[in-house]
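Below is one structure, written out as C-alpha coordinates; the observations come after it.
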Amino acid sequence: ENGRDDRTRARAGTHTHTHTRIARTHLYTALDQLLTASTKALMAVIDFSAHLHHDVAPHVLVVPFPAQGHTNPALSVAKFLADNGISITLVQACNGLLPQIPSHSVHGNHTAAADQALQIFRKETIPSGLDHSKPFSGAVLKVSINVMRDALKELLQRLMLGENPPICLLIDSFFGWGNDIAAEFGLSRDRVDLWTSSAAAFYLGIHVQDLVASGFIPATEEGAKEKIVDFLPGLSAFRIADMPKNLIAEEGLQSDMFIHFRSVI
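For the sequence shown, my numbering begins at -2 and goes up steadily by one.
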(Lines of atoms letter the chains of each structure in order from A and count residues from 1; the text may use other names and numbers.)
(Lines give C-alpha, C1' and ligand atoms only; values in the text may rest on other atoms or scores of the structure.)
Protein backbone atom coordinates (compact mmCIF):
# COMPACT_ATOMS: atom_id res chain seq x y z
CA GLU A 1 0.00 0.00 0.00
CA ASN A 2 2.78 2.41 0.93
CA GLY A 3 4.65 1.52 -2.26
CA ARG A 4 1.60 2.37 -4.36
CA ASP A 5 1.26 5.73 -2.59
CA ASP A 6 4.94 6.47 -3.23
CA ARG A 7 4.54 5.67 -6.94
CA THR A 8 1.44 7.89 -7.12
CA ARG A 9 3.30 10.76 -5.48
CA ALA A 10 6.25 10.23 -7.82
CA ARG A 11 3.98 10.38 -10.89
CA ALA A 12 2.29 13.49 -9.52
CA GLY A 13 5.67 15.10 -8.93
CA THR A 14 6.83 14.27 -12.45
CA HIS A 15 3.58 15.67 -13.85
CA THR A 16 4.07 18.90 -11.90
CA HIS A 17 7.68 19.28 -13.04
CA THR A 18 6.63 18.73 -16.66
CA HIS A 19 4.00 21.47 -16.43
CA THR A 20 6.54 23.76 -14.75
CA ARG A 21 9.03 23.22 -17.58
CA ILE A 22 6.34 23.87 -20.20
CA ALA A 23 5.21 27.04 -18.41
CA ARG A 24 8.81 28.22 -18.13
CA THR A 25 9.38 27.59 -21.85
CA HIS A 26 6.25 29.56 -22.76
CA LEU A 27 7.38 32.40 -20.48
CA TYR A 28 10.85 32.55 -22.04
CA THR A 29 9.33 32.49 -25.53
CA ALA A 30 7.02 35.38 -24.62
CA LEU A 31 9.93 37.33 -23.12
CA ASP A 32 12.04 36.78 -26.22
CA GLN A 33 9.18 37.99 -28.43
CA LEU A 34 8.74 41.06 -26.24
CA LEU A 35 12.45 41.85 -26.28
CA THR A 36 12.60 41.39 -30.05
CA ALA A 37 9.68 43.76 -30.56
CA SER A 38 11.16 46.30 -28.13
CA THR A 39 14.55 46.20 -29.82
CA LYS A 40 13.01 46.61 -33.26
CA ALA A 41 11.17 49.66 -31.93
CA LEU A 42 14.44 50.97 -30.51
CA MET A 43 16.20 50.54 -33.85
CA ALA A 44 13.32 52.32 -35.56
CA VAL A 45 13.66 55.30 -33.21
CA ILE A 46 17.43 55.54 -33.63
CA ASP A 47 18.50 55.85 -37.25
CA PHE A 48 21.23 53.23 -37.49
CA SER A 49 20.66 52.86 -41.24
CA ALA A 50 23.04 55.69 -42.08
CA HIS A 51 25.84 53.82 -40.33
CA LEU A 52 25.16 50.16 -41.14
CA HIS A 53 26.57 50.37 -44.68
CA HIS A 54 29.95 51.62 -43.41
CA ASP A 55 32.87 49.30 -42.77
CA VAL A 56 32.61 50.09 -39.05
CA ALA A 57 29.47 48.99 -37.20
CA PRO A 58 27.42 51.67 -35.41
CA HIS A 59 28.52 51.86 -31.79
CA VAL A 60 26.18 51.93 -28.78
CA LEU A 61 27.37 52.59 -25.23
CA VAL A 62 25.25 50.61 -22.75
CA VAL A 63 25.29 51.82 -19.14
CA PRO A 64 23.28 49.63 -16.74
CA PHE A 65 22.76 50.49 -13.09
CA PRO A 66 25.02 48.17 -11.03
CA ALA A 67 22.39 45.80 -9.66
CA GLN A 68 21.28 42.48 -11.10
CA GLY A 69 17.66 43.51 -11.70
CA HIS A 70 18.95 46.37 -13.84
CA THR A 71 21.88 44.57 -15.45
CA ASN A 72 20.00 41.57 -16.87
CA PRO A 73 17.52 43.65 -18.94
CA ALA A 74 20.39 45.78 -20.24
CA LEU A 75 22.26 42.64 -21.30
CA SER A 76 19.14 41.38 -23.07
CA VAL A 77 18.72 44.56 -25.10
CA ALA A 78 22.45 44.70 -25.84
CA LYS A 79 22.41 41.11 -27.10
CA PHE A 80 19.56 41.81 -29.52
CA LEU A 81 21.31 44.93 -30.79
CA ALA A 82 24.52 42.96 -31.28
CA ASP A 83 22.58 40.33 -33.21
CA ASN A 84 21.55 43.11 -35.61
CA GLY A 85 25.08 44.26 -36.38
CA ILE A 86 25.46 46.92 -33.70
CA SER A 87 28.79 47.26 -31.88
CA ILE A 88 28.24 47.27 -28.11
CA THR A 89 30.38 48.69 -25.33
CA LEU A 90 29.10 47.65 -21.92
CA VAL A 91 30.03 49.81 -18.95
CA GLN A 92 30.64 47.87 -15.74
CA ALA A 93 30.86 49.45 -12.30
CA CYS A 94 33.77 47.90 -10.41
CA ASN A 95 33.44 47.14 -6.70
CA GLY A 96 29.70 47.32 -7.16
CA LEU A 97 26.83 44.88 -7.40
CA LEU A 98 27.22 44.18 -11.10
CA PRO A 99 27.90 40.49 -11.73
CA GLN A 100 30.43 39.26 -14.24
CA ILE A 101 28.86 38.74 -17.65
CA PRO A 102 28.26 35.01 -18.20
CA SER A 103 28.77 33.28 -21.53
CA HIS A 104 25.16 32.14 -21.79
CA SER A 105 21.81 33.64 -22.63
CA VAL A 106 19.80 35.62 -20.11
CA HIS A 107 17.54 32.60 -19.57
CA GLY A 108 20.40 30.25 -18.81
CA ASN A 109 20.04 28.33 -22.08
CA HIS A 110 23.57 27.87 -23.43
CA THR A 111 23.63 28.59 -27.16
CA ALA A 112 26.36 29.38 -29.66
CA ALA A 113 24.46 32.47 -30.81
CA ALA A 114 24.27 33.83 -27.26
CA ASP A 115 27.97 33.15 -26.72
CA GLN A 116 28.89 34.93 -29.92
CA ALA A 117 26.76 37.97 -29.08
CA LEU A 118 28.14 38.30 -25.56
CA GLN A 119 31.73 37.77 -26.64
CA ILE A 120 31.64 40.73 -29.02
CA PHE A 121 30.74 43.16 -26.24
CA ARG A 122 33.55 45.50 -25.45
CA LYS A 123 33.72 46.18 -21.74
CA GLU A 124 34.76 49.33 -19.96
CA THR A 125 35.02 49.69 -16.20
CA ILE A 126 34.21 52.73 -14.07
CA PRO A 127 34.35 53.05 -10.26
CA SER A 128 31.06 52.50 -8.47
CA GLY A 129 31.87 54.66 -5.46
CA LEU A 130 30.33 52.03 -3.18
CA ASP A 131 31.98 51.56 0.21
CA HIS A 132 31.21 47.98 1.23
CA SER A 133 32.34 48.66 4.78
CA LYS A 134 29.19 50.73 5.22
CA PRO A 135 25.58 49.49 5.07
CA PHE A 136 23.82 50.28 1.81
CA SER A 137 21.48 53.27 2.11
CA GLY A 138 19.97 56.07 0.09
CA ALA A 139 22.82 58.37 1.10
CA VAL A 140 25.41 55.83 -0.07
CA LEU A 141 23.48 55.43 -3.33
CA LYS A 142 23.53 59.17 -3.93
CA VAL A 143 27.31 59.33 -3.52
CA SER A 144 27.77 56.28 -5.74
CA ILE A 145 25.65 57.69 -8.55
CA ASN A 146 27.62 60.94 -8.55
CA VAL A 147 30.94 59.04 -8.67
CA MET A 148 29.71 57.00 -11.65
CA ARG A 149 28.50 60.14 -13.43
CA ASP A 150 31.94 61.77 -13.29
CA ALA A 151 33.65 58.51 -14.31
CA LEU A 152 31.29 58.04 -17.26
CA LYS A 153 32.07 61.55 -18.49
CA GLU A 154 35.79 60.72 -18.47
CA LEU A 155 35.11 57.47 -20.32
CA LEU A 156 33.02 59.23 -22.98
CA GLN A 157 35.70 61.86 -23.49
CA ARG A 158 38.10 59.05 -24.39
CA LEU A 159 35.64 57.05 -26.51
CA MET A 160 34.50 60.07 -28.52
CA LEU A 161 38.10 60.57 -29.67
CA GLY A 162 38.39 56.96 -30.86
CA GLU A 163 38.07 55.55 -34.37
CA ASN A 164 34.46 54.47 -33.81
CA PRO A 165 32.86 56.78 -31.23
CA PRO A 166 29.43 55.93 -29.80
CA ILE A 167 26.47 57.26 -31.75
CA CYS A 168 23.94 56.24 -29.10
CA LEU A 169 23.83 56.21 -25.30
CA LEU A 170 21.59 53.50 -23.83
CA ILE A 171 21.52 54.30 -20.12
CA ASP A 172 19.54 53.12 -17.12
CA SER A 173 16.79 55.57 -16.16
CA PHE A 174 17.75 55.20 -12.50
CA PHE A 175 20.83 57.37 -12.96
CA GLY A 176 18.74 60.46 -13.63
CA TRP A 177 21.54 62.44 -15.31
CA GLY A 178 21.63 60.51 -18.59
CA ASN A 179 20.17 63.38 -20.59
CA ASP A 180 22.75 65.85 -19.25
CA ILE A 181 25.62 63.52 -20.16
CA ALA A 182 24.16 62.88 -23.62
CA ALA A 183 23.72 66.61 -24.26
CA GLU A 184 27.31 67.33 -23.28
CA PHE A 185 28.60 64.86 -25.86
CA GLY A 186 26.12 65.59 -28.64
CA LEU A 187 24.11 62.40 -28.13
CA SER A 188 20.80 63.89 -26.96
CA ARG A 189 18.91 62.92 -30.12
CA ASP A 190 20.06 59.32 -29.87
CA ARG A 191 19.87 58.82 -26.11
CA VAL A 192 17.64 56.02 -24.86
CA ASP A 193 16.57 55.61 -21.24
CA LEU A 194 16.22 51.99 -20.16
CA TRP A 195 13.50 51.53 -17.54
CA THR A 196 14.04 48.07 -16.07
CA SER A 197 11.17 47.87 -13.59
CA SER A 198 7.59 47.12 -14.50
CA ALA A 199 5.29 49.61 -16.18
CA ALA A 200 3.07 49.37 -13.09
CA ALA A 201 5.95 50.50 -10.83
CA PHE A 202 6.61 53.45 -13.12
CA TYR A 203 2.95 54.40 -13.16
CA LEU A 204 2.60 54.11 -9.38
CA GLY A 205 5.62 56.37 -8.96
CA ILE A 206 3.99 58.99 -11.15
CA HIS A 207 0.77 58.88 -9.13
CA VAL A 208 2.20 58.68 -5.61
CA GLN A 209 1.23 62.28 -4.90
CA ASP A 210 -2.34 61.54 -6.02
CA LEU A 211 -2.49 58.64 -3.56
CA VAL A 212 -1.10 60.85 -0.78
CA ALA A 213 -3.57 63.64 -1.57
CA SER A 214 -6.44 61.13 -1.53
CA GLY A 215 -5.40 59.81 1.88
CA PHE A 216 -4.52 56.31 0.71
CA ILE A 217 -0.87 56.54 1.75
CA PRO A 218 0.88 56.48 4.09
CA ALA A 219 -1.31 53.60 5.28
CA THR A 220 -0.99 53.91 9.04
CA GLU A 221 -4.54 53.42 10.31
CA GLU A 222 -6.16 50.07 11.00
CA GLY A 223 -7.57 48.57 7.81
CA ALA A 224 -5.85 51.19 5.63
CA LYS A 225 -3.92 48.56 3.70
CA GLU A 226 -7.16 46.85 2.64
CA LYS A 227 -8.49 49.93 0.87
CA ILE A 228 -9.01 49.55 -2.88
CA VAL A 229 -7.52 51.97 -5.40
CA ASP A 230 -9.59 51.99 -8.57
CA PHE A 231 -9.20 55.49 -9.99
CA LEU A 232 -5.80 55.35 -11.71
CA PRO A 233 -6.26 55.18 -15.51
CA GLY A 234 -4.56 52.19 -17.07
CA LEU A 235 -4.29 50.17 -13.85
CA SER A 236 -6.75 47.58 -12.60
CA ALA A 237 -8.12 47.99 -9.09
CA PHE A 238 -5.65 46.95 -6.39
CA ARG A 239 -5.29 46.91 -2.62
CA ILE A 240 -2.91 49.28 -0.89
CA ALA A 241 -1.36 46.16 0.66
CA ASP A 242 -0.32 45.05 -2.84
CA MET A 243 1.88 48.12 -3.32
CA PRO A 244 5.63 48.09 -2.59
CA LYS A 245 6.19 48.43 1.14
CA ASN A 246 8.33 51.53 0.80
CA LEU A 247 5.38 53.32 -0.84
CA ILE A 248 3.04 52.48 2.02
CA ALA A 249 5.03 53.48 5.09
CA GLU A 250 5.62 57.13 5.94
CA GLU A 251 9.34 56.58 6.52
CA GLY A 252 9.59 54.94 3.09
CA LEU A 253 8.05 57.95 1.37
CA GLN A 254 10.60 60.20 3.08
CA SER A 255 13.64 58.00 2.43
CA ASP A 256 16.54 59.11 0.24
CA MET A 257 16.00 56.04 -1.93
CA PHE A 258 12.38 56.93 -2.70
CA ILE A 259 13.19 60.59 -3.23
CA HIS A 260 15.74 59.53 -5.84
CA PHE A 261 13.20 57.18 -7.44
CA ARG A 262 10.73 60.05 -7.74
CA SER A 263 13.38 62.28 -9.28
CA VAL A 264 14.04 59.97 -12.23
CA ILE A 265 10.48 59.22 -13.36
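In this text, a Cβ means the ideal position worked out from N, Cα and C, and glycines have one as well.
Report buried or exposed for residue i, applying the criterion of at least 16 other Cβ atoms within 10 angstroms of its Cβ.
i: K228; result: Per the sequence presented here, residue 228 reads as Phe, with Lys not at that position. F228 should be labelled exposed.
i: A180; result: exposed
i: L201; result: buried
i: P61; result: buried
i: Q206; result: exposed
i: R53; result: One detail in the question is off: residue 53 reads as Val in this sequence, not Arg. The residue in question, V53, is exposed, as its Cβ has fewer than 16 Cβ neighbours within 10 Å.
i: Q89; result: buried
i: D239; result: exposed
i: I203; result: exposed
i: S233; result: exposed
i: P70; result: buried
i: P55; result: buried
Helix, strand or coil for residue i per DSSP?
i: F77; result: helix
i: P132; result: coil
i: P63; result: coil
i: P70; result: helix
i: D177; result: helix
Quick one: Cα of residue i to Cα of residue j, how far?
i: L166; j: A198; result: 24 Å
i: L156; j: V57; result: 11 Å
i: M76; j: V59; result: Looking at the sequence provided, one finds Lys at residue 76 rather than Met. If I take the Cα positions, the gap works out to 11 Å.
i: G66; j: E218; result: 33 Å
i: D177; j: S185; result: 8 Å
i: P63; j: S125; result: 8 Å
i: L208; j: K224; result: 11 Å
i: L149; j: N243; result: 30 Å
i: R119; j: S195; result: 28 Å
i: F235; j: T193; result: 22 Å
i: D169; j: V74; result: 12 Å
i: S141; j: P241; result: 24 Å
i: M132; j: K139; result: Looking at the sequence shown, residue 132 is not Met but Pro. Rounded to whole angstroms, P132 to K139 spans 13 Å at the Cα level.
i: S84; j: I164; result: 10 Å
Compute the beta-carbon to beta-carbon distance between residue i and residue j, rounded to the nearest angstrom, for a pair I have assumed lies under 8 Å.
i: I190; j: G175; result: The sequence shown places Asp at residue 190, rather than the Ile named in the question. Confirmed, about 6 Å.
i: V137; j: D128; result: 7 Å
i: A216; j: I245; result: 5 Å
i: F182; j: L153; result: 5 Å
i: C91; j: T68; result: So it is not a contact: roughly 14 Å between Cβ atoms.
Cβ of residue i within 7 Å of any heavy atom in the ligand GTP?
i: N81; result: This structure lacks the ligand GTP, and indeed carries no ligand of any kind.
Check: Can you give, in chain order, each stretch of the beta strand (DSSP E) that sits fully within the stretch 193 to 245 and has at least 3 residues?
Finding: none
Item checked: Continuous beta strand (DSSP E) assignments of at least 3 residues falling wholly in the stretch 138 to 169 -> 165 to 169
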